[in-house]
Every structure is written in C-alpha cells, then in structure tokens.
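Just below is one structure, and these are the notes that go with it.
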Amino acid sequence: LDQIQLVEVFLAMLSTSCRKRPRVLKDKPRTVSKPQRLLAVARCCRDCGLRLSALEDALHQCSKAFDWPFPAETICSASASSGQCRLVRLGANTLRGTTLSRLAELWETIRETDLSHSLDLPSGERLANGSAWLLMALKGREVLGLLSAERIAGTSSACLDSSGSGMKQKSETDASKADIGQRTKPTLGVAVVWVRRRERRRGLATSLVDCLRRLNGGGSVAFSQPTELGFNFASSYSCRQHTGPLVYDPDWSDESK
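Numbering (the working numbering), first residue to last: -8 to 248.
See below:
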C-alpha cells in the first residue's frame, strides 16, 4: 500500500511539473494614430506660369495645350534643355479644321499667360505667299517655342526704343522729331516670339529668329510691343545687328482672318 501511495504521489508531482504555465500578457499602451496632415502649398506651374493651389495643382494639365500631333515642314534643328528639337514651319493648311482649333487654343494659352497684348494669327493667304511666317520648336510632339513674323513693306518704319518701355511712338512725324537719325528700315517684323519657361535663357528664341532670317535671306529685325522679358531679348539680339531694339506695329494686327 505504501508503495502504491508513493507511486501515486510521484505521478501527481510529475504531472504538476509538466503542466504548462499560462502566459501572462502584459498590456501595452495603445498608440492613437493621428490623421495625416496635408501640406497645401501654392506654386507656379513651370510651363504656363499660373499660380495654383494644392487642389488646382492636382487637376492642372496645361501640357495638353502644348501637344502638337500634326505634320509640319522641318527647317532645321536647335538645342533645348533635353537635347535637340526641330524648328518647323507651319503652312497655310494649318489654318483649317482641327489644326486651326489646336493652334488657336495654343495661341490663347500663350496670350493669357505671357503676353501683354493681343494679336491675331496671320492669315492663310499671307502664309501661302511668303509674306508671313509661323515657326514652331518641337521636341517630339511637345511645343517648346513659337514665332510669328512678317515681311515689312518698304514704306513701313520702326523706331529705336532705348527706354525699355517697348512702346512704339504713335506717329512718324513725332518719331522723326524725336531723333531722325535713329530711324531705320527693317525687313522683318517679329510679332510674337515665345518660349516655354523651362526652356528660356538657352538660346531657343535666338535660334527661332535666326531661322526666320535664313528663310528671308537675311535682313534686320524689328519686334512688336515686347514685354519686359521680350525687350531684354530684343536688346540682346539687336546687339548682334549693331543696332538698338527696333519696335514696330504689325500690319496684320487688326486684319480679319
């Protein structure tokens, strides 16, 4: 009996020692997740210059206005920030149908964001007979720059603007009284020269005007109502012609299309 009791006691002790002890879970302090805060910062678009709020920036797609999927005559190449681009000439067929709608949209975008004045597109007739030009800088299908110019008639004249205001004197009589020795007869008039903001100060505008002069066989250049940046470019470019910045009024600024 004693042996049986001893065995039972031993088995009881063995079972007690082999029993798993329950794990005690320590309560960890719960971390309350804080809602993420969005930093709403207004910024200016690199392409069109518009000042955008955070919501407007998320929805802004101005690059669509600078897409040109239509064929055009390639004249030469020029340097851009991302490599070489093509300088193309737009003909009279551009002012028809879908291409006219896209060009008008692009023209309006440029006018609203960068120009201080409003000018119409040259007519298809003038593009066809070579008295006006529309040049475009393209990187693939992306528009990097645009130039609109015309051949100035022999009876037209331009004034040398040294004030930086970019405004032509209103009458030829007043201009001759101001300084008759500072009048010249340019053969080319640049109505609009525009380059996208990220491509500025890289020589693209100079390449567009040089291409225009090659198409015309040379000649001096005058500029129409330049903005502050445009006047700086006109002054820099005119130094190559050994003249001051010439300012003129386009003949077709008020003509109907």
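Beta carbons: idealized from backbone N, C-alpha and C, even for Gly.
Taking residue i and residue j to be in contact with their CB atoms under 8 Å, please state how far apart those CB atoms are, rounded to whole angstroms.
i, j, result
"Met127", "Val79", "5 Å"
"Ser122", "Glu141", "6 Å"
If you measure between the beta carbons of residue i and residue j, is that distance less than 8 Å?
i, j, result
"Asp258", "Glu133", "The chain is shown from -8 up to 248; residue 258 falls before or after that span and cannot be answered."
"Ser114", "Leu125", "no"
"Ala196", "Gly136", "yes"
"Ala69", "Ser198", "yes"
Between the alpha carbons of residue i and residue j, how many angstroms are there, rounded?
i, j, result
"Thr146", "Ser44", "Confidence at Thr146 is low in this model, with a pLDDT of 47, below 50, so its placement is unreliable and the value that follows should be read with caution. Taking the straight line from one Cα to the other gives about 50 Å."
"Thr218", "Arg102", "12 Å"
"Pro241", "Pro177", "12 Å"
"Tyr228", "Ala56", "29 Å"
"Leu179", "Gly209", "9 Å"
"Glu96", "Ala119", "22 Å"
"Gln75", "Gly194", "12 Å"
"Leu106", "Asn223", "14 Å"
"Leu129", "Ile66", "11 Å"
"Gln216", "Leu110", "10 Å"
"Ser214", "Ser73", "The amino acid occupying residue 214 in the given sequence is Phe; Ser does not appear at that position. Rounded to whole angstroms, Phe214 to Ser73 spans 28 Å at the Cα level."
"Leu203", "Cys35", "32 Å"
"Thr104", "Ala144", "31 Å"
"Val212", "Cys230", "11 Å"
"Arg191", "Val238", "22 Å"
"Leu112", "Thr85", "11 Å"
"Arg87", "Leu81", "12 Å"
"Asn207", "Ser92", "28 Å"
"Pro60", "Thr90", "9 Å"
Just mark residue i as buried or exposed, buried being the case when its beta carbon has 16 or more other beta carbons within 10 Å.
i, result
"Pro236", "buried"
"Pro258", "Only positions -8 to 248 of the chain appear in the structure, and residue 258 is not among them; the question remains open."
"Val181", "buried"
"Ser156", "With a pLDDT of only 46 at Ser156, under 50, the local geometry of the prediction cannot be trusted, and the value read off the model is given with reservation. Classification of Ser156: exposed, given that the 10 Å Cβ count is below 16."
"Val0", "exposed"
"Ile(-5)", "exposed"
"Glu116", "exposed"
"Arg187", "buried"
"Gly221", "buried"
Which runs of the alpha helix (DSSP H) fall wholly inside the stretch 62 to 133 and span at least 4 residues, in chain order?
88 to 105 and 115 to 120
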